[in-house]
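Q:
Number of protein chains: 2
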Amino acid sequence: MSDHLLAAIGGKIKEKRLNKNLSQEALASRAELDRTYISGVERGKRNVSLLNLFKIAQALEIQATELIDIGVTND
Amino acid sequence: MSDHLLAAIGGKIKEKRLNKNLSQEALASRAELDRTYISGVERGKRNVSLLNLFKIAQALEIQATELIDIGVTND
DNA sequence: GAGAGAGTGTGACTTATAGTCCGTAGACTT
DNA sequence: AAGTCTACGGACTATAAGTCACACTCTCTC
Chain A
1 MSDHLLAAIG
11 GKIKEKRLNK
21 NLSQEALASR
31 AELDRTYISG
41 VERGKRNVSL
51 LNLFKIAQAL
61 EIQATELIDI
71 GVTND
Chain V
101 MSDHLLAAIG
111 GKIKEKRLNK
121 NLSQEALASR
131 AELDRTYISG
141 VERGKRNVSL
151 LNLFKIAQAL
161 EIQATELIDI
171 GVTND
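The listed protein sequences correspond, in order, to chains A and V.
The opening position of the first sequence corresponds to residue 1 in my numbering, with each subsequent residue numbered one higher.
The opening position of the second sequence corresponds to residue 101 in my numbering, with each subsequent residue numbered one higher.
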């Protein structure tokens, strides 16, 4: 529960972004967020808030659930 | 994309909490958050960050995806 | 039908950090 | 070498995190 979680989510975002052939800047523009912010998010340096998560998902044309659907077990 | 989204997620949290017969205070305790914070989240007054979302999901013994899996279409 | 206890809503507040805006530097492409 | 893309830093502003006191509603018991 912490950094690697954000990194995993950041990785997902990067993956989806590349799938769509978008630059960080293009994604940032679509999501109305800052390019350096997207950079930080993808590198797991940012603890994104829900509204921004949804903005990013929308910019990527995917469900927000896809972005946080990482292997998190409730062991 | 905004308040009603947070309210919808808050509603989900409340629903899951009640399913588990937990009080806000009990949930807050499990998630190591403040009771009034949980109250605000459930009422959609708080734009929760990812880490806290995961804390809450873990406290509810569910996947975080379940909490944000509301009817959001990419129309 | 007053008093106690559990559960919740809410406003106000301080502190931590989310998020922006400026920049520089390096990798890669054409 | 000019253009594109990204990592990263510093300085700032906006807002989330976190806490408190108090009010209110129930329900139960005396």
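Virtual Cβ for every residue (Gly too), placed ideally from N, Cα, C.
These numbers were taken from a predicted model, which means no experiment stands behind them.
1) Hey, A64 (chain A) and L53 (chain A): beta-carbon distance below 8 Å or not?
2) Do the CB positions of I9 (chain A) and I62 (chain A) come within less than 8 Å of each other?
3) Any idea what DSSP makes of S49 (chain A), helix, strand or coil?
4) If you follow the alpha helix (DSSP H) that L6 (chain A) is in, where does it begin and where does it stop?
5) Restricting to Cα atoms, I'd like to know which of A:G11, A:T36, A:R43 and A:A31 is closest to K55 (chain A).
6) If contacts are defined as beta-carbon pairs under 8 Å, then D103 (chain V) and G140 (chain V) qualify, I think. What distance do you get, rounded to the angstrom?
7) For the alpha helix (DSSP H) that contains Q24 (chain A), what are its first and last residues?
8) Report the neighbours of A126 (chain V) on chain A: residues whose CB is nearer than 7 Å to its CB, in chain order.
9) Select from the region 14–45 of chain A all residues with a C-beta closer than 7 Å to any C-beta belonging to chain V, and list them in chain order.
10) Which residues in the same chain as A159 (chain V) place their Cβ atom closer than 6 Å to its Cβ, once the five residues preceding and following it in sequence are excluded?
11) In terms of residue numbering, what span does the alpha helix (DSSP H) encompassing R135 (chain V) cover?
12) Thinking E42 (chain A) and R35 (chain A) are a contact (beta carbons under 8 Å), I'd like their distance in whole angstroms, please.
13) Consider the Cβ of I56 (chain A): report whether some Cβ of chain V lies at a distance smaller than 8 Å.
A: Looking at the atomic coordinates:
1) Going by beta carbons, A64 (chain A) and L53 (chain A) fall inside the 8 Å limit.
2) No, the Cβ-Cβ distance between I9 (chain A) and I62 (chain A) is not below 8 Å.
3) strand
4) D3 to N19
5) A:A31
6) Wrong, their Cβ atoms sit about 13 Å apart, outside the cutoff.
7) Q24 to A31
8) Contact note: A126 (chain V) does not reach chain A at a C-beta cutoff of 7 Å; the least C-beta distance is about 17 Å.
9) none
10) L127, R130 and A131
11) R135 to E142
12) So it is not a contact: roughly 11 Å between Cβ atoms.
13) no
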